[in-house]
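K.L.:
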Amino acid sequence: MRTALSPIVSEFETKEQAASYDRWFHAKVQASRDDPRPSIPHDQAMALMRDKLTAKLEDQDKTSSRPRNRDA
């Protein structure tokens with residue numbers, strides 16, 4: 002039996018969906034904690050993400066005829 006949840010209380014429609022997501026999320030966190038690779042410092046991770054985003058935006062600019070507002 003599915004128990005409905007109020008959209009004010011939860012983003013999930015049922016308690017079962019919420020519990021399923023919770024199990025999935027906790028498994029992802031545990032897998033990250035168990036990962037033997039060394040951690041990346043925050044500043045380095047942010048620099049990597051900025052580089053990826055910049056490359057993605059430049060690639061979109063090349064394929065799009067619409068100009069981008071670079072000041073935003």
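Read left to right, the sequence shown gives residues 2 to 73 (our numbering). C-beta: ideal position from N, C-alpha, C; glycine also.
Tell me the residue span of the alpha helix (DSSP H) that contains residue 26.
P.N.:
Here residue 26 is taken as the residue at index 25 of the sequence shown, counted from 1. Taken as a continuous stretch (DSSP letters only), the alpha helix (DSSP H) holding residue 26 covers 16 to 35.
K.L.:
Quick test of your reading: residue 28 and residue 15, contact by CB under 8 Å. State the CB separation rounded to the nearest angstrom.
P.N.:
Here residue 28 refers to the residue found at position 27 when the sequence shown is read from its first residue. Here residue 15 refers to the residue found at position 14 when the sequence shown is read from its first residue. Going by Cβ atoms, the distance from residue 28 to residue 15 rounds to 20 Å, so no, they are not a contact pair.
K.L.:
Can you name the start and end residues of the alpha helix (DSSP H) that residue 56 belongs to?
P.N.:
The count along the sequence shown starts at 1 and reaches residue 56 at position 55. Here the alpha helix (DSSP H) through residue 56 covers 43 to 64.
K.L.:
Quick check: residue 54 and residue 41, are their CB atoms within less than 9 Å of each other?
P.N.:
Locating residue 54 in the sequence shown gives position 53, where the first residue counts as 1. Locating residue 41 in the sequence shown gives position 40, where the first residue counts as 1. Result no, Cβ atoms of residue 54 and residue 41 do not sit closer than 9 Å.
K.L.:
Using a Cβ-Cβ cutoff of less than 8 Å, which residues in the same chain neighbour residue 43 once the five nearest sequence positions on both sides are dropped?
P.N.:
Here residue 43 corresponds to residue number 42 of the sequence shown, with the count starting at 1. The answer is none, since no qualifying residue turns up.
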